Structure formats: C-alpha cells, structure tokens
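Student: In the working numbering, the protein residues as written are 9 to 213.
Next up is a structure, given as structure tokens.
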C-alpha cells in the first residue's frame, strides 16, 4: 500500500517522444525521468524496493534507491495510465509491507511448459510479487534433467518432453531477476522421493 498518495489537479496527456502537444494543452506529459541512487543490482530478501513516483506535467519522475524499486515504480505508472494516453497528476511514495511476497508452482504434479512459467513471472511482476517458490520435483515425477544423474528424469519424468534442462532453469532465473523476482527451487530429498530414484544403480538413498 502506498504510504501517501496526493492526487493532482486534472489529467495529463502522454505524448510520444518527438511529438508536439497541441496549442493550449498545458497539462501534456512530454518527458519522463528515472533516477536510481545505487548501482547495486543484487536481489535479496532485504533489497530496498521503495520508490517515489511524481506525475506533474510536463514530467513524470521516478526515484528509487535500487533498480528493483524503480521497476516497481514503472509498474505502478503502467497501471495508472488510462486508455494508453491519460494519467492523473499524483505523488506516490510506496514500499512493500512484506519483504517476502511469493507464489508457488508445483511442476512435479502439474508440468508447466517453459513459456507458461515465464507468463507466470510476468503476472507476478504486475502484482509486485518478488519470490517464485518452484516446487520442481517430488515423489510424483522428476522433471529436472540432472547432468550427474540423468536416470532421474529419464525414468521419473512423465515423458521425455516433460523435462527442464539446466538451460531452462537458467532462463527462468534470468527472466525472473529482470523483473525483481528471486527463484527458490525445491528438491525434496530424502523424503518425498520415488519416481526416478528407483532407476539409480547403485541407489543413493
């Protein structure tokens, strides 16, 4: 929730860069500035995601201590724009009430194609969630393709098409980071193990 929101007077009209607002259109927005006070781009539980958003014609300003705060400010701005062209003048100072804001997907019981996981991350970013708990394997299936123990997914996945490679996992982590989201994978062991583990010879459990 924003700590304080001060509405401005009237609505501003957004103009693409390089265009000229109509004469008499004093409330036109013609520029935007994003200021990030720190060059630190590491994402942790304690990362400061505070931002200030000021919409006052002719400029939109976003100021944040970290790039992830700036991302939240840009997300808020995108949700304030009406019909792609109008935005009310306002001042917002906002920060997360909870540091850990997570969703969970269980790809052991319900395999999600990589594209769907990326769409899920987009939806999380819209709502400013910052942690994806990826329950990637369980006793039901083992879709992760291990380089050390390839038998696990060969015998434990629903099919050869229902697997995640190391590159797939890297792609998810990278895509999530660019949206201010950490990925926490869950590998159940020694409990909740069955599919795939029985194919190991000699057994490891």
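Even glycine gets a Cβ: it sits at the ideal position worked out from N, Cα and C.
Since this is a predicted model, take the numbers as computed values, not measurements.
Which whole-angstrom value is the C-beta distance of residue 122 and residue 179, which I expect to be below 8 Å?
Tutor: 7 Å
Student: Do you know whose CA, among 150, 61 and 200, lies nearest residue 103's CA?
Tutor: 61
Student: Pull up the CB-CB distance for residue 8 and residue 113, whole angstroms please, since I reckon it's below 8 Å.
Tutor: Because the chain spans 9 through 213 in this model, residue 8 falls outside it and cannot be assessed.
Student: Would you list, in sequence order, the uninterrupted alpha helix (DSSP H) runs of no fewer than 4 residues that lie entirely inside the region 170-200?
Tutor: 174-185
Student: Which residues share a DSSP beta bridge with residue 75?
Tutor: Answer is none; residue 75 lacks a bridge partner.
Student: Alpha carbons only, please: which of 208, 75 and 71 is nearest the one belonging to residue 55?
Tutor: 75
Student: Indicate the three-state DSSP secondary structure (helix, strand or coil) for residue 97 in the structure shown.
Tutor: strand
Student: Nearest to residue 63 by CA position, among 98, 81 and 80, is which residue?
Tutor: Cα-wise, what sits closest to residue 63 is 98.
Student: Relative to the alpha-carbon of residue 203, which residue among 116, 66 and 155 has its alpha-carbon at the smallest distance?
Tutor: 116
Student: Work out the CA separation of residue 126 and residue 77 for me, nearest whole Å.
Tutor: 21 Å
Student: Does the count of Cβ pairs from the region 182-192 and the region 140-147 closer than 8 Å reach three?
Tutor: yes
Student: Leaving out five residues before and five after residue 69 in sequence, what residues of the same chain have Cβ atoms less than 7 Å from its Cβ?
Tutor: Within the same chain, Cβ atoms closer than 7 Å to the Cβ of residue 69 are found at 41 and 62, the five residues on either side in sequence being excluded.
Student: Since residue 201 contacts residue 149 with CB under 8 Å, what's their CB separation in whole angstroms?
Tutor: Rounded, the Cβ-Cβ distance is 11 Å, inconsistent with contact.
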